[in-house]
């Protein structure tokens, strides 16, 4: 899982490389979860990804491996290769490539040989904006089954689905997620060719609480049970600083300190998007350069923050249609404007080519960004 500063860095990766194709600053079609215990390594990972000059600022939903697992890290230095989580490791068997229901992008799981006598489960996942992250968990022991991670994030995936995954020895034939107050959810056991163990996955709605995973043999006898420890996000219990602002589309936005100043956008009481607004990071790229807009989208809604002189924001699509939203002042004196609106497109706008344009009070265009079709 990722932390608050990582979230901000990921929203500005498009600004990190001057020669990258233009993209809407801070476009975040999927927002990230955070874990402060991995702050240092994750920040380095984001920096490493920046030098790939992706066309879109990306946000990666990390799949929270076991504590202490290996994570690819690096710094922004184009003279050196970006370290890989597989450095010093040897793949064991084929990779399992499946759909990540939280991102609607591929997720790869595979085994690797680490230090002498150790075997790890590794993973690589791709965000809907195109960025890829890989990491390996802790060495496996003699347990019949383990939970290695999930696609859980904060804010929760806009698809409303989280996939859990882990390892399964040969005697494990079935996996089931135990749901608090609900019916169990059956998962799948995969047996990649040449892999030392199987790999299991279970997908469940974010609205359900998974309390444990039960594993059974071919005869249906339980051979292992693993408790599920849901991630704890401090933002869920944080109290707002000052009043919240009601926005179009049923959204509201408030200022929170978790611990840094962050805007949390909520829909029906659940956080769907966040903006880091501390003075040192507010709408600023990794080189310290200011940019005019951070755009996000969630379930037919587009929203974000813009520069103080922006009175109206417009999305102009490739087919000539457009949507606009008037900005609103923030009551927290952050020096920004808030905007939100809805759109009627067949798919998330992340898949389309469009321009995002800002206008001042006189209707004069003051900035423009282009998002290329993915």
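In our numbering, the protein residues as written are 610 to 983.
Ideal Cβ placement from N, Cα and C applies to all residues, glycine included.
(request) Would you kindly work out how many angstroms separate the C-alpha atoms of residue 753 and residue 831, rounded to a whole number? (result) Looking at the two C-alpha atoms, the distance is approximately 11 Å.
(message) Need the endpoints of the beta strand (DSSP E) that residue 821 sits in, please.
(response) Note, residue 821: beta strand (DSSP E), 819-825.
(request) State the Cα-Cα distance for the pair residue 912 and residue 734, rounded to the nearest angstrom. (result) Residue 912 and residue 734 have their alpha carbons spaced roughly 26 Å apart.
(request) If I'm right that residue 850 touches residue 864 with Cβ under 8 Å, what's the distance once you round it to whole angstroms? (result) The pair is a contact, with the Cβ atoms about 5 Å apart (cut-off 8 Å).
(request) Answer yes if the stretch 950-963 comes into contact with the stretch 875-892, meaning at least three C-beta pairs across the two stretches below 8 Å, and no otherwise. (result) In short, these stretches do not touch, since the Cβ pair count stays below three.
(message) Using 8 Å as the threshold, is the C-beta distance between residue 728 and residue 748 below it?
(response) In contact: residue 728 and residue 748 (Cβ atoms closer than 8 Å).
(request) Find out if the Cβ-Cβ distance for the pair residue 826, residue 782 is shorter than 8 Å. (result) Contact check for residue 826 against residue 782 passes: the beta carbons are separated by less than 8 Å.
(request) Given a cut-off of 8 Å, decide if residue 976 and residue 857 are closer than it, judged by their beta-carbon atoms. (result) It is not a contact, given that the beta carbons lie outside the stated cut-off.
(message) Given a cut-off of 8 Å on the beta-carbon distance, is the pair residue 561 and residue 811 in contact?
(response) The requested residue 561 does not occur in the structure, where the chain is confined to residues 610 to 983.
(request) In angstroms with no decimal places, state the Cα-to-Cα distance between residue 899 and residue 968. (result) Whole-angstrom Cα-Cα distance: 17 Å.
(request) Along the beta strand (DSSP E) that carries residue 783, what are the first and last residues, could you check? (result) Counting along the chain, residue 783 sits inside the beta strand (DSSP E) bounded by residues 783-788.
(message) Could you tell me which whole beta strand (DSSP E) segments of length 3 or greater appear in the stretch 713-743?
(response) Residue ranges of uninterrupted beta strand (DSSP E) with 3 or more members, entirely inside the stretch 713-743 and ordered along the chain, are 714-722, 728-735.
(request) Determine the DSSP secondary structure at residue 844, reduced to helix, strand or coil. (result) Looking at residue 844 - three-state DSSP - the assignment turns out to be helix.
(message) Quick check: what's the CA-CA separation for residue 926 versus residue 935?
(response) One C-alpha to the other measures close to 18 Å.
(message) Rounding to the nearest angstrom, what Cα-Cα distance links residue 982 and residue 964 in this structure?
(response) In a straight line, the C-alpha of residue 982 is about 11 Å away from that of residue 964.
(request) Answer with buried or exposed for residue 960, where buried requires no fewer than 16 other C-beta atoms within 10 angstroms of its C-beta. (result) With a threshold of 16 other beta carbon atoms within 10 Å, residue 960 falls short and is exposed.
(request) Can you tell me which of the three DSSP states residue 803 falls into? (result) If DSSP states are grouped into helix, strand and coil, residue 803 belongs with coil.
(message) My assumption, with CB atoms under 8 Å, is that residue 698 sits in contact with residue 723. Please give the rounded CB distance.
(response) Contact holds; Cβ gap of about 5 Å.
(message) Whole angstroms are fine: how far does the CA of residue 903 sit from the CA of residue 891?
(response) Rounded to whole angstroms, the gap between the alpha carbons of residue 891 and residue 903 is 10 Å.
(request) Look at the alpha carbon of residue 759 and the alpha carbon of residue 802, and state the distance between them as a whole number of angstroms. (result) C-alpha separation (whole angstroms): 23 Å.
(message) If the criterion is Cβ atoms closer than 8 Å, does the pair residue 915 and residue 946 meet it?
(response) Yes, Cβ-Cβ distance for residue 915 and residue 946 is below 8 Å.
(request) Name, in chain order, the residues that DSSP records as bridge partners for residue 938. (result) Under DSSP, residue 938 takes part in a beta bridge, and its partners are 946.
(message) Using the three-state DSSP reduction, which class does residue 889 fall into: helix, strand or coil?
(response) Looking at residue 889 - three-state DSSP - the assignment turns out to be coil, as it is neither helix nor strand.
(request) Whole angstroms is fine: what's the gap from residue 949's alpha carbon to residue 910's? (result) Near 7 Å, if we compare the C-alpha coordinates of residue 910 and residue 949.
(request) Would you tell me roughly how many angstroms separate the C-alpha atoms of residue 785 and residue 743, rounded to the nearest one? (result) Answer to the nearest angstrom: the Cα atoms are 26 Å apart.
(request) Rounded to whole angstroms, what's the CA-CA distance from residue 755 to residue 847? Just pull it up for me. (result) Spanning the two alpha carbons is a distance of roughly 32 Å.
(request) From the DSSP output, in three-state form, read off residue 968 for me. (result) Shown here, residue 968 sits in a strand according to DSSP, grouped into three states.
(request) Report buried or exposed for residue 637, applying the criterion of at least 16 other Cβ atoms within 10 angstroms of its Cβ. (result) For residue 637, the predicted structure reports a pLDDT of 32, less than 50, and the residue's modelled location is therefore unreliable. The matter cannot be settled from this model.
(message) Give me, in chain order, the residues of the same chain whose beta-carbon lies closer than 8 Å to that of residue 702; leave out the 5 immediate sequence neighbours on both sides.
(response) 719, 720, 801, 802, 803, 804, 805.
(request) Identify every residue that forms a DSSP beta bridge with residue 834. (result) Beta-bridge pairing links residue 834 to 823.
(request) On a CA-only basis, which of 855, 970, 924, 905 is nearest residue 940? Give me that one, please. (result) For residue 940, the nearest C-alpha among the options comes from 855.
(request) Decide if residue 922 is buried, meaning its Cβ has at least 16 other Cβ atoms within 10 Å, or exposed. (result) Classification for residue 922: buried.
(message) Spatial neighbours of residue 766 within its chain, please: C-beta separation below 6 Å, excluding the five flanking residues on both sides.
(response) Only 711 meet the Cβ criterion.
(request) Take residue 693 as the anchor and find which of 843, 745, 919 has the nearest alpha-carbon. (result) With distances taken between CA atoms, residue 693 lies nearest to 745 out of 843, 745, 919.
(request) Can you check DSSP and say which residues form a bridge with residue 749? (result) DSSP links residue 749 through a beta bridge to no other residue.
(message) For residue 822 and residue 809, I'd like the C-alpha separation in whole angstroms.
(response) Taking the straight line joining both Cα atoms gives about 11 Å.
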